[in-house]
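Here the numbering used here runs 696 ahead of the position in the sequence shown, where the first position is 1.
Working notes, beginning with the structure itself.
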Amino acid sequence: MPIKIVWARLASRNFENILQYLDQNWERRVSLAFIDTVEENISFIKENPRQFPLINIELSIR
């Protein structure tokens, strides 16, 4: 059963900063490839959450 992914505020900010850097310093295709890679990894985590350790057992945060 897929789980819901909730981005931490810092993770979201870092993601946006990385995209901004890529857009400013690389071709658009590099940014799009990065987004695709992140989306693929998030999908894998959603489908296989037990492959990643809990970092906070009480809150079930992986």
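All C-beta atoms, glycine included, are put in the ideal place defined by N, C-alpha and C.
Inset, instruction - Kindly list the residues whose CB is nearer than 8 Å to the CB of I701, restricted to its own chain and excluding five residues on each side of it in sequence; keep chain order. - result: I738, I741, K742
Inset, instruction - Taking 9 Å as the cut-off, decide whether the C-beta atoms of D719 and S727 are in contact. - result: yes
Legend entry - Contiguous alpha helix (DSSP H) assignments of at least 4 residues, all confined to the stretch 717-758: 724-743
Inset, instruction - Below 7 Å CB to CB, which residues in the same chain sit around P698 once its five sequence neighbours on both sides are set aside? - result: K742, E743
Inset, instruction - Taking only the alpha-carbon atoms, compute the straight-line gap between R724 and R705 and give it to the nearest angstrom. - result: 25 Å
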